[in-house]
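> After the structure tokens below, expect a handful of questions from me.
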Amino acid sequence: MVPRFPDGFLFGCSTASYQIEGAVDEDGRVPSIWDTFSHAKGGDTGDVACDHYHRYSEDVALLSELGVGAYRFSIAWPRAADLGFYDRLVDALLEKGIVPLPTLFHWDLPQSIEDHGGWLSRDTASKFADFATLVAGRLGDRVTRWITLNEPIVHMAQGYAYGTHAPGRELMLQALPVAHHQLLGHGLAVQALRATGATEVMLTNNCTPVRAADDSPAAAVYDAFHNRLFNDPVLLGSYPDFLASALEPVIRPGDLDIISTPIDALGINYYNPTLIGAPTADSPLPFEMLPIEGVPTTAFGWPVVPEGLTELLTSLRETYGKNLPPIYITENGCSTDEGVDDQFRIDYLDSHLRALHDAISAGVDVRGYFVWSLLDNFEWAEGYSQRFGLVHVDFQTLSRTPRRSFAWLRDALAE
Ligand code: GCO
47 MVPRFPDGFL FGCSTASYQI EGAVDEDGRV PSIWDTFSHA KGGDTGDVAC DHYHRYSEDV
107 ALLSELGVGA YRFSIAWPRA ADLGFYDRLV DALLEKGIVP LPTLFHWDLP QSIEDHGGWL
167 SRDTASKFAD FATLVAGRLG DRVTRWITLN EPIVHMAQGY AYGTHAPGRE LMLQALPVAH
227 HQLLGHGLAV QALRATGATE VMLTNNCTPV RAADDSPAAA VYDAFHNRLF NDPVLLGSYP
287 DFLASALEPV IRPGDLDIIS TPIDALGINY YNPTLIGAPT ADSPLPFEML PIEGVPTTAF
347 GWPVVPEGLT ELLTSLRETY GKNLPPIYIT ENGCSTDEGV DDQFRIDYLD SHLRALHDAI
407 SAGVDVRGYF VWSLLDNFEW AEGYSQRFGL VHVDFQTLSR TPRRSFAWLR DALAE
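Counting in my numbering, the sequence shown runs from 47 upward without gaps.
Printed below as a string of structure tokens:
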């Protein structure tokens with residue numbers, strides 16, 4: 047029995063364009079950095095993925111059967127030349143009484159923009175704002191709630207620092223300008239969306255409660271890089287001190303005012319806490335990520351620590367106080383083996399919903415919870431090996447099979 051959440055609490059599912067759409071050469075779509083990266087790497091690509099581009103009606107019917115009130119998806123910037131698919135998707139959602147919650151950037155940057163520096167270039171920020179204006183101009187008569195960016199920290203770290211995600215740059219700490227330019231793009235997009243009448247604009251950050259394995263400064267440094275680098279400038283209008291000096295060369299007068307344009311809510315993607323210790327002598331980074339012992343792990347090897355969600359939310363409220371807007375959990379979920387009888391996912395979702403309820407009972411203003419994900423999908427560098435779906439996808443036939451967790455959540459939402 048899932049605890050009762052406040053009236054109006056919004057339950058949903060999250061997905062992302064490159065991870066589910068396929069149809070990479072249709073209707074004027076241009077290549078993204080993930081097309082380039084996945085093909086260069088070899089192995090799985092998003093060329094077909096879940097073929098959501100053609101099967102969206104079936105997937106919207108699944109959302110309706112599940113009984114969620116909202117669907118978070120992302121709009122592929124590479125499809126800017128023809129947004130007709132998103133017209134059709136939004137209309138199908140509204141017909142079922144499901145609130146569309148689009149993310150404007152979920153990592154599939156047009157390759158042509160990367161060819162001119164990508165997020166290392168300040169120009170990309172204004173190009174992103176122009177894209178926001180274009181999309182809102184097309185969908186803004188039916189869509190009033192938006193998310194600008196998904197997890198700018200993960201895109202910077204994996205895409206530009208470590209090279210494990212597209213565009214595959216291995217710049218380590220030289221990747222920092224990517225943080226500032228994404229945040230500048232966020233702020234400009236907030237202003238562009240408001241100008242088109244948007245009523246609720248969010249940023250989605252991946253946040254993790256950081257636990258110290260020793261008394262070195264490493265945990266505080268990691269917390270600054272992973273959490274505060276993307277929360278402080280938006281919520282407080284300033285960077286953490288030592289990062290402000292590192293970013294000085296790329297910050298221009300007025301930038302922080304743009305970045306801290308007020309948002310209506312903060313999206314938080316929570317998966318697990320992070321244990322941090324002092325770096326090893328040969329580490330290029332000022333911290334070492336360590337395994338959290340003594341807890342279950344998902345098929346992906348991630349630790350399962352539901353109370354970490356309560357810890358995270360109460361610490362955000364303590365850190366930001368009145369500067370913390372309402373929160374939506376825009377992603378939470380786990381990968382499991384391929385089987386449809388996924389008791390592990392049921393236990394994961396149940397325990398995290400209880401932890402979320404504990405945070406709400408402690409006074410944290412949380413307005414919604416989105417499961418990652420509706421469908422098994424392309425899990426970035428891990429391709430189709432990791433399955434996060436409430437619904438199993440057979441990637442040979444593209445048939446969808448709701449897992450037991452789908453029925454469990456459907457029944458919980460209907461209570
Ligand atoms: C993220 C992304 C999703 C992932 C999911 C599982 O949080 O990394 O938003 O695209 O697929 O989180 O890793």
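Virtual Cβ for every residue (Gly too), placed ideally from N, Cα, C.
Predicted, not measured: the structure shown is a model, and the values here were computed from it.
Suppose the cutoff is 7 angstroms on Cβ atoms and the five residues either side in sequence are ignored; what does the same chain contact list for residue 136 look like?
Answer for residue 136: 146, 185, 188 and 189, listed in chain order.
> Report the rounded CA-to-CA distance for residue 448 versus residue 421, giving the unit in angstroms.
Whole-angstrom Cα-Cα distance: 9 angstroms.
> With distance defined between alpha-carbon atoms, name the residue in 418, 437 and 373 nearest to residue 386.
The shortest Cα separation from residue 386 among 418, 437 and 373 belongs to 437.
> Using a Cβ-Cβ cutoff of less than 6 angstroms, which residues in the same chain neighbour residue 176 once the five nearest sequence positions on both sides are dropped?
Here the set comprises nothing.
> Run the CB neighbour count on residue 74, radius 10 Å, all protein chains shown included, and call it buried at 16 or more, exposed below.
Classification for residue 74: exposed.
> Please name the residue or residues paired with residue 438 in a DSSP beta bridge.
Paired residue(s): 447.
> Is the beta carbon of residue 446 less than 8 angstroms from the beta carbon of residue 104?
Result yes, Cβ atoms of residue 446 and residue 104 sit closer than 8 angstroms.
> Using CA atoms only, rank isn't needed, just tell me which of 225, 172 and 212 is closest to residue 198.
Among 225, 172 and 212, the Cα nearest to that of residue 198 is on 225.
> For residue 63, collect the residues of the same chain with a Cβ closer than 8 angstroms to its Cβ; drop the 5 residues on either side in sequence, then sort them by chain order.
So the list reads 119, 120, 121, 122, 125, 152 and 154, once near-sequence residues are dropped.
> Assign residue 162 to buried or exposed, taking buried as 16 or more other Cβ atoms, counted over all protein chains shown, within 10 Å of its Cβ.
Under this definition residue 162 is an exposed residue.
> Please report the straight-line C-alpha distance between residue 412 and residue 287, rounded to a whole angstrom.
Answer to the nearest angstrom: the Cα atoms are 29 angstroms apart.
> Who are the near neighbours of residue 424 in its chain, counting only those whose CB is closer than 6 angstroms to its CB and skipping five residues on each side?
Here the set comprises 65, 92 and 95.
> Over the uninterrupted beta strand (DSSP E) stretch that includes residue 120, give me the two end residues.
116–120 is the extent of the beta strand (DSSP E) around residue 120.
> In this structure, does DSSP put residue 127 in helix, strand or coil?
If DSSP states are grouped into helix, strand and coil, residue 127 belongs with coil.
> Let me make sure I understand the geometry here. Which of 130, 132, 157 and 106 has the alpha-carbon closest to that of residue 142?
When each option's Cα is compared against that of residue 142, the closest is 106.
> Is it a yes or a no for the stretch 279–294 touching the stretch 338–345, going by three-plus beta-carbon pairs under 8 angstroms?
Not touching, per the Cβ criterion.
> At the level of alpha carbons, what is the spacing between residue 404 and residue 245?
Going from the Cα of residue 404 to the Cα of residue 245 covers about 29 angstroms.
> Could you give the distance in angstroms between the alpha-carbon of residue 160 and the alpha-carbon of residue 48?
Roughly 44 angstroms separates the two Cα atoms.
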